[in-house]
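Visitor: Residue numbers (this note's numbering): 23 to 337.
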Ligand SMILES: Nc1ncnc2c1ncn2[C@@H]1O[C@H](COP(=O)(O)OP(=O)(O)OP(=O)(O)O)[C@@H](O)[C@H]1O
Ligand SMILES: [Mg+2]
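(1) Residue 235: which of 36, 69, 26 and 40 sits nearest, CA to CA?
(2) Let me check understanding here. Comparing Cα to Cα, which of 286, 269 and 138 lies closest to residue 251?
(3) Return the first residue and the last residue of the alpha helix (DSSP H) that residue 226 is part of.
(4) Pick out the complete alpha helix (DSSP H) segments inside the stretch 235-311, 4 residues or longer, and give them in chain order.
(5) Consider the C-beta atom of residue 358 and the heavy atoms of ligand 1; say whether any pair is separated by less than 7 Å.
(6) Helix, strand or coil, according to DSSP, for residue 29 in the structure here?
(7) So, are the CB atoms of residue 314 and residue 159 less than 8 Å apart?
(8) Using alpha carbons as the reference points, say which of 308, 40, 67 and 311 lies closest to residue 182.
(9) Measure the alpha-carbon distance for residue 37 versus residue 121 and round it to whole angstroms.
(10) Below 8 Å on the Cβ atoms is my contact criterion, and I expect residue 48 with residue 30 to pass it. Report the Cβ-Cβ distance as a whole number of Å.
(11) Quick one: Cα of residue 247 to Cα of residue 282, how far?
(12) For residue 66, verify whether its CB is less than 7 Å away from any heavy atom of ligand 2.
(13) Taking 7 Å as the cut-off, is the C-beta of residue 60 nearer than that to any heavy atom in ligand 4?
(14) To the nearest angstrom, how far is the alpha carbon of residue 111 from that of residue 157?
(15) Using the three-state DSSP reduction, which class does residue 208 fall into: helix, strand or coil?
(16) Compare the C-beta of residue 113 with all C-beta atoms of chain B and state if any pair is closer than 8 Å.
(17) Count the other C-beta atoms from every protein chain shown that fall within 10 angstroms of the C-beta of residue 275, then say buried if there are 16 or more, exposed otherwise.
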């Protein structure tokens, strides 16, 4: 049995002469949540559609566990909530889920049982008989998530499950995903533009731009790697501290605190402690800042624009 849930090897997808996905190789390990981020048109949805077998790669291969892409074995393991879902206009929520369950190969009895479980789990019971096409955007996203789980897949591909939702509905969807991951030990590939939210549920970040993977790393490793060395400091005499350090380190004042920005973070810490000791100051705060996924994204994207064509692979 393959140790990866999903493996893409050198996958390229061209639409005519345009290359939407360019030599992408990724591996997803079981039980982890992967954030799939990148600007509009980067190739996220196309990559997901390839994993789902809805699009065939122009070049390259892939597997879902031991099954080649687009085979019934692969599809059985995958649940998919697409970026845009269209619902049949005359189907109620319960009819839609039952229909999707039978399409996924469940027997009539199993389909009824599973539909009821999901209506419960997703808090949709009181809306079960309403027409799903008339649901609000947030409720439709919930139905789409429920649908992706109908055949108890091991891997979920969620393409912007929180797009166009208000903050409360976004949180509700993410809480549902988090609960599903914990209870069912799922592997999830989730794309989103709301990076600060993704940060709360992902273990790993995969960043794509112009069809290229430009970062593929555990979230903590990525944050560590791009940490500019930001140190927030507050002492009983900040003016004196700056008198001693201003010529050697870049800084700015932020709400009375000093915000140093340096790659020599360890030396800076030693210098600060030395000054505090020698000048008999009180050290009120010494805090190293953790980079947010948002600023990581901006840093990498800015770097990409500066060094166009110079791609860092699997950084
Ligand atoms: N069927 C198609 N025919 C032609 N071009 C396509 C097709 N599908 C996607 N593309 C192009 O491929 C590129 C990647 O599109 P894709 O939808 O994968 O981007 P994305 O990262 O999902 O973007 P977004 O964040 O806007 O959803 C885009 O330039 C898009 O216009
Ligand atoms: Mg997309």
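Cβ atoms here follow ideal geometry from the backbone N, Cα and C, with glycine treated the same way.
Guide: In this structure, then:
(1) 69
(2) 286
(3) Segment 226-231 is the beta strand (DSSP E) holding residue 226; no alpha helix (DSSP H) there.
(4) 241-247, 260-267 and 287-300
(5) Missing from the structure shown is residue 358; the chain here goes from 23 to 337 and no further.
(6) strand
(7) no
(8) 67
(9) 32 Å
(10) 5 Å
(11) 18 Å
(12) yes
(13) In terms of ligand content, the structure shown lacks ligand 4 and carries ligand 1 and ligand 2 instead.
(14) 11 Å
(15) coil
(16) Within the model displayed, chain B is absent; a lone protein chain is all it includes.
(17) exposed
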